[in-house]
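Numbering (this note's numbering), first residue to last: 379 to 497.
We put the beta carbon where it would ideally sit given N, CA and C, even for glycine.
None of the values given here were measured: they were computed from a predicted structure.
Worksheet: the structure to be examined is printed underneath.
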């Protein structure tokens, strides 16, 4: 048996992975606006794969642009976004039908409710 070492991931490699993810999602947005939806979906899929390979999480904005069901790019033609009165943002992928709900406010920024006896 050979005693080969596995390669290490350096900070530089992780930074390059983050740059590539951002570039791929920007390209996907451009192609989605041009009507090249298949290419945009492939870019979104590659961005998620790079994130998995290098253990890099997508930012919140990036996560909202990629469907978790079909790995498609959620652009104006492939997603329906609704805002509810109860404080939820509902995004529906029009390709696979997956529904994703996110709160509009974080718990930290929500107003604190006081009971009537706490004055």
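Span separating the alpha-carbon of residue 459 from that of residue 471: One alpha carbon belongs to residue 459, the other to residue 471, and they sit about 9 Å apart.
What does the alpha-carbon distance come out to for the pair residue 465 and residue 442? If I take the Cα positions, the gap works out to 17 Å.
Who does residue 470 pair with in a DSSP beta bridge? According to DSSP, which records beta bridges pairwise, residue 470 is partnered with 458 and 477.
Beta strand (DSSP E) segments (min. 3 residues) lying fully within the stretch 399-462: Here the runs fully enclosed are 457-461.
Could you give the DSSP three-state label for residue 390: helix, strand or coil? Residue 390: helix per DSSP, three-state reduction.
Near residue 409, which residues of its chain fall below 6 Å by C-beta distance, leaving aside the five closest residues on each side in sequence? Residues 417 and 418 of the same chain have their beta carbon placed closer than 6 Å to that of residue 409, with the five preceding and five following residues left out of the count.
What's the C-alpha gap between residue 453 and residue 424? Residue 453 and residue 424 have their C-alpha atoms spaced approximately 16 Å apart.
With C-beta atoms as the reference, is residue 469 less than 8 Å away from residue 462? Residue 462 is positioned such that its CB atom lies no closer than 8 Å to that of residue 469.
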